[in-house]
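To start, the structure under review is shown below, and the notes come after it.
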Amino acid sequence: MEQTKHPKAETLTPIEAAACDIREPTTRIRTGNLVLLAADERATAQGRNPNPSPVERWPDLLERVQGAARYIRDVEDRAQEQETHVQDLLRQVRADMDAARAQVQAAERETHEVHAQAIKLIQAAEDRAAAAEERAAAAELMLQRIAETIDAEFVTQAGPQDARTRASATRAAS
């Protein structure tokens, strides 16, 4: 489609006039037509004065300033989002660290309690073992006394009986 300046600039609508004022190539604007604006330097250079006056440069300058401002806002928005994300991560890390500390403290308390209980159980077992040793020593002493009593009673009685047995054996032999 060939692009030309609109021949009837005086009868243009405000939008059409604005399109012509910025010196962009246009087509005859009708319902359903699309207005094309030049996007690269070569296309814009064809329709523009190579040495524009400062007044002619204002729209481009304003557009660049607006573009830079949009870019800065976008960068600031992304930086704010990243800062918020970092803060969320820091809060989560702090919460995780607090939870880990609580778990460590609970484990240390439980270990201390188990250790104290083990010491009590070991002491009780040692006390029972000592009591059992004392009972075993007392039982051994009692068994020794019983054995001595049995030996004393049966040896004493066996002595006279041996004499009688010898006397009977001597009589039988005679």
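The working numbering numbers the first residue of the sequence shown as 9 and each following residue consecutively.
Ideal placement from N, C-alpha and C gives every residue a C-beta, glycine not left out.
In chain order, what are the residue ranges of uninterrupted alpha helix (DSSP H) at least 4 long that sit wholly in the region 94 to 156?
Fully contained in the region 94 to 156 is no alpha helix (DSSP H) run of length 4 or more.
Look at the alpha carbon of Leu-151 and the alpha carbon of Arg-143, and state the distance between them as a whole number of angstroms.
Between the alpha carbons of Leu-151 and Arg-143 lies a gap of roughly 12 Å.
Pull up the distance between the alpha-carbon of His-93 and that of Val-101, whole angstroms please.
When rounded, the distance between both Cα atoms is 12 Å.
Would you kindly work out how many angstroms separate the C-alpha atoms of Ser-61 and Gly-75, rounded to a whole number?
Their Cα atoms are separated by approximately 22 Å.
Going along the chain, which residues of its own chain have a beta-carbon closer than 8 Å to the beta-carbon of Ala-147, five neighbours each way excluded?
Excluding five sequence positions before and after Ala-147, none of the CB atoms of its chain fall closer than 8 Å to its own CB.
Can you tell me whether Pro-60 is helix, strand or coil according to DSSP?
Reduced to three states, the DSSP call for Pro-60 is coil.
Let me know the secondary structure DSSP gives Ala-47 once reduced to three states.
Note that Ala-47 scores 48 on pLDDT, short of 50, meaning its location in the model is unreliable; the coordinates nonetheless yield the value given after this. When secondary structure is reduced to three states using DSSP, Ala-47 falls in the coil class, being assigned neither helix nor strand.
Express the C-alpha separation of Val-122 and Leu-129 in angstroms, rounding to a whole number.
Roughly 10 Å separates the two Cα atoms.
By how many angstroms is the C-alpha of Arg-65 removed from the C-alpha of Asn-59?
If you take the alpha carbons of Asn-59 and Arg-65, they lie about 10 Å apart.
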